[in-house]
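Going by my numbering, the first residue of the sequence shown is number -17, and it counts up by one from there.
Positions of the beta carbon are idealized from the N, C-alpha and C atoms, including for glycine.
One structure is given below, encoded as structure tokens.
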Amino acid sequence: MPQIHMQAPEEKLGSFYLGAEYDLSSGVRLEKPVHYDARDLTTHAVCVGMTGSGKTGLCVGLLEEAALDRVPVILIDPKGDMTNLLLQFPDLLPEDFLPWINEDDARRKGKSAEELASSTAMQWKKGLADWGITSDRIRQLGESAEYTIYTPGSDAGIPVSILGSLAAPHLDFEEHAETIRERISGTASALLGLAGIKADPARSRESILLAAIFEHFWKQGKDLDLALLITSIQAPPVRQVGVFDVDTFYPEKERFELAMAFNNLIASPSFQSWLSGDPLDIDLMLYMADGKPRHSIFYLAHLPESERMFFVTLLLENLLTWTRAQSGTSSLRAMLYFDEVFGYLPPVAEPPSKRPLLTLLKQARAFGVGCVLVTQNPVDLDYKGLTNTGTWFIGRLQAERDKQRVLEGLKSAIAEAGGAGGSVDYDSIISKLGNRIFLLHNVHEDRPVIFQTRWAMSFLSGPMTRPQIKKLMASRKSAEQPRSAPAAVSIPDAFERERSSLPVGFTATTPGLDPSLKQLFVPVAIDVEDALERHISQSAVKPFPISERQLVYEPMVIGSASVMFTDRKRNINENIPLVFACDPLIPGSSAWQKSESLAASQEYLEERPDERGRAFAPLPETLTTSRKLAAFSQPLADWLYYNCRFKLSVHPGTGLFRQSGESERDFAIRLQQAARETRDSEVDALEKKFATQLERLAEKINKEERELAQDEVEHQNRKASELVGLGESVLGFFLGRKSTRSIGSALTRRRMTANAKADIEESLETIEALLKEREKIGNEMKGLAHEITMKWEHPEAQLVIEELAPRRSDVTVHFVAIGWLPFWRVAITGEKGETNIALPAYKAI
């Protein structure tokens, strides 16, 4: 039977195009695409199948659809298969495939690498065309998410620093004590496992001591690092554990051995790669700075088992903490994909990774985080986890005895998860599954589905090696190299010495003033090296030799004020503290128009100068009396009333606005999630709106088809009757019996046959009209769905800026004072001799 070519897949909102339904009895793919509702993943999924069953292709397709729907993903990749997600070649050229062709495979097939690359490119082009997938869809895939391969413990890809996992979580300890203690327990178990110490989290002295140390520092909001952890093991910050003092509970000599185990670990040269790289920050690994979703792939194939368990546990604990900090949602917010989960969620043992993974399966759905677990056999997984899994992708299994072991657990897990699988003959179905043919059981759907997976848009080259990953991530790593300071800046010994002489006009002390004149000093916030680097960068001048430097102060007018902005509708009550510095030589409100907003708030203004500052510029006449200084107060209030505005980034469609203190990135993420939820709601409403019309039309079509069938039967009967009558008339003619009665009967039969045929034509016309009406309604619904897509695809583009103005009574000037601003006075030597420049040592906004 010829292969059916799929039409271009219809892009459905929040829906993953996974393949097409498959008829097991005939072995034919049906032209019925399988779309999986993204929201169903919030109840998690498990994918099982033997090697060669097509698990990787199915899961890569699932992850590609997640990227197209702008869903961020954390991928744990113990073997290296998921790195293939970065091999996206929209042009499908042989030279794109060539770097990733295995030369051994080429030799076994009797081809050169170039020939195999050419045939592979043709194979991919044909396979994608067979599923209606175009180059534009591959390009859209590449633009929808940022792909990064992380290699913990190695610099082949992007390395990961574990030090962030020892930092105190940004959660209130009293409010989230249980969550934080669970993370402490998991982190302690992971660290002990890495050091080669097997310890029971609830009973071992090592685990309890580490947990006590973590809790002591984290309760105070203080971060830990490995050095502090080692010294804290030797000299614990807590003096009592339970009812015993710490030395009785864990003697000092034995604590020293534990500290030495960790010291030997961090002293190892191979361990240094764990201390550098991107921080293990889930939020940063799910979204870029501009809010673009990320697919962060954690490649672990190079790590020994102990280090894999260590890192996976830290990653899961961090993900669990991040998940619990999110707001509730029924839409898919993010995904955790765990490839080959064997050993991390076993049914009997209790590795450190098991508790956070089970907790995610039980609790993450409420926060829109879906987990996808992949294994060759479900008996590798704890049944408590499987009962929290709503979707099963089941592929070809291994030997018959292995399949029988699977069936019992499979049926039990599906039943406990709420599936109605009792009447389904899974044994027979699983026995017939072939390559790329899967059974999809989803508790949110009425029936299981047999389907063939679509062709992957990413090139499935197989597990990657570290050299291949290094090659793949080379451009990313070079782009993220930190900018180094200009090497040509010269800082000789003379630069470090204080200059004894004062600049012309400066004094060694502040001028003597009436005590009623308030004097404040703006703190030094920029050291001289940073000030020089900024000057060179902003002025585009060549680096220059420096002979000396000096910290000096110059007088300005400092104004401290606060402005209240209120919007009852949005529940906004923001009291914004402000500190400005203006030139005392400019009169009236003009001074504040040209003022500078300082980064230092009122409480950080100091009453004494920095110890390094011993040179003060003269005080202008406008600041010599309290009356003259007070004259700056009312102009400041007037200027703030007319010019100070609270700007809101508002999305008109959702009413969401960027809250005070919320970064653009966090707001973009929150807005995307709200848009996704609103999109899903509008799609549901649209489908509900058209459902009644489509059901009514379906009933009419069914009715007309039944009438058509009856009319066709009637027509056949009439034709048969007419033929019989005609035969009687002919026979009578030959026998010599002529009757007008027989002629009349023949005419009647002819008329009734014609009427029956007319009824058939009428039914056909009616059915055709109803089908056209259904097509028209379907096109209308698709058009409206497309409008919804366009409406919510880029919500950030619809943002508008609104400004809140204060009332006169909402402007409060706390004080105006003489403010001393610090500057670095630097002497540089150039072609024209020595020149002095003044560089700000304070921060302005």
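Practice task
From the DSSP output, in three-state form, read off P76 for me.
Solution key: helix
Exercise for the section: Taking only runs that begin and end inside the region 247 to 285, name each unbroken alpha helix (DSSP H) of 4 or more residues, in chain order. Expected result: 264 to 268
Exercise for the section: Verify whether the separation of the beta carbon atoms of L123 and L50 is less than 8 Å. Expected result: yes
Handout entry: Buried versus exposed call for Y824 [16 or more other C-beta atoms within 10 Å across all chains shown]
Key = buried
Exercise for the section: Report yes or no: do the region 155 to 164 and the region 230 to 238 share at least 3 C-beta pairs separated by less than 8 Å? Expected result: no
Practice task
Can you have a look at P286 and say buried or exposed, based on whether 16 or more other CB atoms are within 10 angstroms of its CB?
Solution key: exposed
Practice task
From the DSSP output, in three-state form, read off I166 for me.
Solution key: helix
Problem - Three-way DSSP call (helix, strand, coil) for R11 in this model - result: strand
Handout entry: Reduced DSSP secondary structure (H/G/I, E/B, other) of I411
Key = helix
Practice task
Count the C-beta pairs between the region 118 to 133 and the region 82 to 91 that are closer than 8 Å, then say yes if the count reaches three, no if not.
Solution key: no
Practice task
With distances taken Cα to Cα, identify the nearest neighbour of L572 among G367, P617, K610.
Solution key: Per the sequence shown, residue 572 should be read as Ser rather than Leu. Minimum Cα distance to S572 is reached at P617.
Practice task
Look at I819 and P537 and say whether their C-beta atoms are less than 8 Å apart.
Solution key: no
Exercise for the section: Identify every run of the alpha helix (DSSP H) within the region 58 to 114, keeping only runs that are complete inside it and at least 4 residues long; order them along the chain. Expected result: 76 to 79, 85 to 90, 95 to 112
Exercise for the section: Let me know if P634 comes out buried or exposed under the rule of 16 or more other beta-carbons within 10 Å of its beta-carbon. Expected result: exposed
Problem - Residue range of the beta strand (DSSP E) that includes T373 - result: 373 to 376
Practice task
Helix, strand or coil for D118, going by three-state DSSP, please let me know.
Solution key: helix
Practice task
Given a cut-off of 8 Å, decide if A271 and R640 are closer than it, judged by their beta-carbon atoms.
Solution key: no
Exercise for the section: Mind the definition here: the region 617 to 627 touches the region 503 to 511 only if three or more C-beta pairs lie below 8 Å; say whether that holds. Expected result: no
Problem - A241 and I264 closer than 8 Å at C-beta - result: no
Practice task
Indicate whether T102 and F79 have their beta-carbon atoms separated by less than 8 Å.
Solution key: yes
Practice task
Please report how far the alpha carbon of E778 lies from the alpha carbon of K336, in whole angstroms.
Solution key: 39 Å
Problem - N- and C-terminal bounds of the alpha helix (DSSP H) containing P617 - result: 615 to 625
Practice task
Check whether the region 110 to 123 touches the region 446 to 458, taking contact to mean three or more Cβ pairs, one atom from each stretch, closer than 8 Å.
Solution key: no
Handout entry: Residue span of the beta strand (DSSP E) that contains N555, given as start and end
Key = 554 to 564
Exercise for the section: Go through its chain and collect everything with a Cβ distance to K610's Cβ below 6 Å, but skip five positions before and after it. Expected result: T604
Handout entry: DSSP state of T369 mapped onto helix, strand, coil
Key = coil
Handout entry: Residues that DSSP places opposite N818 in a beta bridge
Key = A809
Exercise for the section: Can you check DSSP and say which residues form a bridge with D227? Expected result: Q222
Exercise for the section: Flag this pair as yes or no: are the beta carbons of E13 and G168 separated by less than 8 Å? Expected result: no
Problem - Exposure of G377, with buried meaning 16 or more beta-carbon neighbours within 10 Å - result: buried
Handout entry: Short Cβ contact (8 Å threshold) for L421 with I412
Key = yes
Practice task
Please confirm whether R418 and Q434 have their CB atoms less than 8 Å apart.
Solution key: yes
Practice task
Locate the beta strand (DSSP E) running through V510, then write down its first and last residues.
Solution key: From DSSP, V510 is part of no beta strand (DSSP E) but of the alpha helix (DSSP H) over 510 to 521.
Problem - Y(-1) beta carbon less than 8 Å from that of R627 - result: no
Practice task
Report yes or no: do the region 312 to 325 and the region 138 to 154 share at least 3 C-beta pairs separated by less than 8 Å?
Solution key: no
Problem - L833 versus E744 - alpha carbon distance - result: Examination of residue 833 is not possible in this model, given that the chain is present from -17 through 827 alone.
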